[in-house]
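If you read the sequences in order, they're chains W and H. Throughout, my numbering is defined as the position within the first sequence, counted from one, plus 4. Throughout, my numbering is defined as the position within the second sequence, counted from one, plus 261. Virtual Cβ for every residue (Gly too), placed ideally from N, Cα, C. Notes follow the structure.
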Amino acid sequence: MRRQGHYGDGASDEALLSGVALGDERAVLIFVRRYQRRLFGLALGIVGDSGMAEDVAQEAFIRILRHAAVYDVRRGSVATWTLTITRNLAIDALRVRRPIPTAPEDRAFLDLISSERLPDDAAAMSESVAQARSALAALPMDQRRAIVLAVMYGRTVAEVATLESIPLGTAKSRIRLGLAKLREAATVMEIP
Amino acid sequence: MSHVPERSKECEALSDDLIEFALGTLSGRSRSLVLDHLETCAHCNAESESLADVADTMLWLAPDAEPPLGFETRVIERFRGSEAQRRIVRRRRASVFAVAAMLVAVLGVGVGAVVTSHDGANLPSATVRPSTGRLMSGGQVLGEVTISSGSPSWMIMDVDTGKVSGVVWCEVTFANGRSETVGKFTISHGYGSWIAPIKASGSDVRSARIVKANGAVVAQATFTT
């Protein structure tokens with residue numbers, strides 16, 4: 005990694021990844037700066053521990069940067085790709101630390117399932133993310149919890165049923181109905 | 262008007278598993294069944310992608326958070342280290358093959374095993390067991406040194422300094438405290454790879470250093486006994 009290109013802060017994610025793949029140090033720097041708060045935030049939200057979240061976010065960056073050359077734009081946006089890698093690593097880390105799933109009841113989880121939005125969040129959110137948040141907040145609480153447990157924390161339907169003390173069939177239907185409503189809402193919003 | 266793929270009875274039977282598949286939480290035999298089905302079902306492929314997109318959207322909802330101080334530097338340093346290591350492994354593999362070919366040609370197959378089996382495994386005898394050390398600088402791995410214990414002993418060095426270029430000297434220190442300059446080499450664009458004979462058994466070498474003309478140590482490897 006020795007080259008030094010002319011990437012500016014406004015370079016697209018795809019251009020930065022191309023630069024990373026070519027070994028451009030500036031592209032790496034801008035990419036890390038652009039995504040560090042988001043990846044760390046997601047990792048922290050899932051694992052709930054700053055030290056562990058740093059390990060997860062670091063590992064996510066290493067994998068993303070190392071595989072920059074094989075990123076395929078047809079498989080989704082760079083942002084979604086990076087978040088998915090981070091989410092999967094965080095879930096793996098969480099499963100190693102807590103082999104028996106426990107219901108996350110920390111602030112990050114409660115914020116996610118809350119139908120309220122903190123005033124300072126509103127300014128920081130892009131419109132599309134705010135719409136996604138609204139769509140989630142519009143779900144009944146039981147569906148919201150099931151969706152967040154499955155999507156953000158990687159819990160299986162059976163684990164959701166156990167954590168929520170509900171029959172398996174109920175867990176399935178909560179997730180199915182919740183996803184259907186979110187998909188309906190997503191048809192009118194554009195996620196970056 | 263776009264064609265909507267038809268849904269079969271098999272689709273119906275797999276609908277719950279398809280949701281878990283799209284969320285990434287399905288495993289084992291159920292996952293295999295869904296994958297088999299997806300190979301031939303356009304409807305479920307479209308459904309799975311659509312559900313996965315919805316799930317991906319949720320990942321945006323975790324609030325950003327400021328990472329601990331120095332996070333950015335640690336990520337970049339770690340990436341540099343991993344990239345250097347990968348390049349070294351690739352080039353070392355190539356250079357080791359080249360050296361092995363040379364030694365086989367000059368000294369015969371027995372000594373050739375020194376470099377082809379540089380991790381010490383399955384060597385023909387204890388007399389040719391090599392020593393290997395990592396070249397370190399500031400906590401970063403910059404390369405590797407392998408020293409054979411045959412007669413003569415050979416030092417194979419591979420280094421990626423990242424930015425140092427120019428002429429450097431390689432020094433080794435032996436168990437009796439004596440130091441010796443093995444030779445003068447050139448690092449080009451940060452990379453260097455060379456082989457040289459040393460006048461001692463490899464098992465007697467305690468450390469190897471790459472030193473610049475002004476005496477500054479670029480990297481050092483320590484060998485354990």
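Counting only runs of 4 or more residues that sit fully inside the region 43 to 104 of chain W, the alpha helix (DSSP H) segments are 54 to 70 and 82 to 101, in chain order. Using a CB distance cut-off of 8 angstroms, residue 183 of chain W counts as an interface residue toward chain H.
The residue from H/484, H/452 and H/456 with its alpha-carbon nearest to that of residue 466 of chain H is H/484. Residue-level contact by beta carbon fails for residue 89 of chain W and chain H, as no gap is shorter than 8 angstroms.
Per DSSP, residue 439 of chain H is not a residue of any alpha helix (DSSP H), being assigned neither H nor E. A Cβ of chain H is located within less than 8 angstroms of the beta carbon of residue 160 of chain W. Per the C-alpha coordinates, the member of H/434, H/317 and H/300 positioned closest to residue 464 of chain H is H/434.
Contact annotation for residue 20 of chain W against chain H: no contact, minimum CB-CB distance about 14 angstroms [criterion: below 9 angstroms].
Straight through space, the alpha carbons of residue 475 of chain H and residue 84 of chain W are spaced by roughly 50 angstroms.
Less than 8 angstroms separates the beta-carbon of residue 422 of chain H from that of residue 451 of chain H.
Around residue 316 of chain H, the beta-carbon contacts reaching into chain W at under 7 angstroms are 155. The beta carbon of residue 470 of chain H sits closer than 6 angstroms to the beta carbons of 432, 478 and 481 from its chain, once the five residues preceding and following it are set aside; these are given in chain order. Judged by DSSP secondary structure, residue 170 of chain W falls outside any alpha helix (DSSP H); it is assigned neither H nor E. Residue 144 of chain W counts as exposed, since fewer than 16 other C-beta atoms from the protein chains shown sit within 10 angstroms of its C-beta. In this chain, the alpha helix (DSSP H) harbouring residue 273 of chain H covers 270 to 284. Its chain contains no residue whose beta carbon lies nearer than 6 angstroms to that of residue 174 of chain W once the 5 sequence neighbours on both sides are disregarded. Inclusion of residue 150 of chain W and residue 318 of chain H in the CB contact set at 8 angstroms is not warranted, their separation being larger than that value. For residue 156 of chain W, there is no enclosing alpha helix (DSSP H), since its DSSP letter is neither H nor E. Per the coordinates, the alpha-carbon of residue 333 of chain H lies some 7 angstroms from the alpha-carbon of residue 40 of chain W.
From the beta-carbon of residue 54 of chain W, the residues of chain H found nearer than 9 angstroms are 326, 328 and 329. At a cut-off of 8 angstroms between beta-carbon atoms, residue 32 of chain W makes contact with chain H. Closest option to residue 167 of chain W, judged by alpha-carbon separation, among W/152, W/180 and W/181: W/152. Counting C-beta pairs with one atom in each stretch, the region 8 to 28 of chain W and the region 65 to 75 of chain W have three or more that are closer than 8 angstroms, which means they touch. Setting aside the 5 residues that flank it on each side, residue 280 of chain H is surrounded in the same chain by 312, each with a C-beta closer than 7 angstroms to its C-beta; the list follows chain order.
With fewer than 16 other beta carbons inside 10 angstroms of its own, residue 171 of chain W counts as exposed.
Closest option to residue 101 of chain W, judged by alpha-carbon separation, among W/146, W/51 and W/37: W/51. Interface flag for residue 48 of chain W against chain H is set, since a Cβ pair is found closer than 8 angstroms.
Between residue 146 of chain W and residue 29 of chain W, the alpha-carbon positions lie close to 47 angstroms from each other. If you draw a 10 Å sphere on the C-beta of residue 86 of chain W, you find 16 or more other C-beta atoms in it, and that means buried. Excluding residues up to 5 positions away in sequence, 275 and 278 lie with their Cβ nearer than 8 angstroms to the Cβ of residue 294 of chain H in the same chain.
Residues of the same chain with a CB within less than 7 angstroms of the CB of residue 13 of chain W, apart from the 5 flanking positions on each side, are 34 in chain order. Take the alpha-carbon of residue 427 of chain H and the one of residue 457 of chain H: they are about 18 angstroms apart.
DSSP lists H/420 as the bridge partner or partners of residue 453 of chain H. Linking residue 459 of chain H to residue 402 of chain H through their CA atoms gives a straight-line distance of about 23 angstroms. Residue 420 of chain H sits close to residue 448 of chain H, with the two beta carbons spaced by under 8 angstroms. Here residue 45 of chain W is not near residue 285 of chain H, since their CB atoms are 8 angstroms or more apart.
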